[in-house]
Amino acid sequence: MMPRAKELIEKQKTVMLADAERMARRPKGVSRFSWRCDNRIEYLLIHAADTAFKTKPERTMCFDLNGSATDLWIWSMPRDLGKRPFLVERIDLSAEDADDRLSRYAITGIGKLLEL
Numbered sequence: 027m028m029p030r031a032k033e034l035i036e037k038q039k040t041v042m043l044a045d046a047e048r049m050a051r052r053p054k055g056v057s058r059f060s061w062r063c064d065n066r067i068e069y070l071l072i073h074a075a076d077t078a079f080k081t082k083p084e085r086t087m088c089f090d091l092n093g094s095a096t097d098l099w100i101w102s103m104p105r106d107l108g109k110r111p112f113l114v115e116r117i118d119l120s121a122e123d124a125d126d127r128l129s130r131y132a133i134t135g136i137g138k139l140l141e142l
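The structure is reproduced here in structure tokens:
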């Protein structure tokens, strides 16, 4: 079952707070990328089947660190080598229809991205 929009927002706020605390400890002269690589936190990835289609294609849902805990990005994940993922949709989790838009996805797994 797909988590509700409010639950996803709370999880992302926790991730963003951990990232802000990590970046606050970054010494001067050390790049953000280097600091994040050496001081990792876990980012939530949700793997889901898109039930709006008969073939139920695999989708990956993720947040970014753009400062918003409400932007959930839905990406295609082609199985063919050489094909690139593409953006399927962006769901604003603070919108009234967010839970309805999430309902078409069935979770197939939850992963954690350890790098930016």
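Its first residue numbered 27, the sequence shown is counted upward by one per residue in the numbering used here. Even for Gly, the Cβ is constructed at its ideal location relative to N, Cα and C. It should be emphasised that the depicted structure is a prediction, and the values quoted were computed from it without experimental measurement.
Short Cβ contact (7 Å threshold) for residue i with residue j
| i | j | result |
| --- | --- | --- |
| residue 77 | residue 121 | no |
| residue 115 | residue 103 | no |
| residue 119 | residue 31 | yes |
| residue 86 | residue 35 | no |
| residue 67 | residue 98 | no |
Reduced DSSP secondary structure (H/G/I, E/B, other) of residue i
| i | result |
| --- | --- |
| residue 140 | Residue placement at residue 140 cannot be trusted, given a pLDDT of 42 that sits under 50; what the coordinates show is reported in the next sentence. Coil. |
| residue 130 | coil |
| residue 48 | helix |
| residue 75 | strand |
Sequence-distant residues of its chain with Cβ nearer than 8 Å to residue i (five each side left out)
| i | result |
| --- | --- |
| residue 129 | 28 |
| residue 136 | 70, 71, 72, 73 |
Closest Cα partner of residue i within the set the options
| i | options | result |
| --- | --- | --- |
| residue 100 | 52, 80, 75 | 75 |
| residue 39 | 93, 62, 134 | 93 |
Close beta carbons around residue i, own chain, < 7 Å, minus the five adjacent residues each side
| i | result |
| --- | --- |
| residue 19 | Examination of residue 19 is not possible in this model, given that the chain is present from 27 through 142 alone. |
Environment of residue i [buried if 16+ CB atoms lie within 10 Å]
| i | result |
| --- | --- |
| residue 49 | exposed |
| residue 112 | exposed |
| residue 124 | buried |
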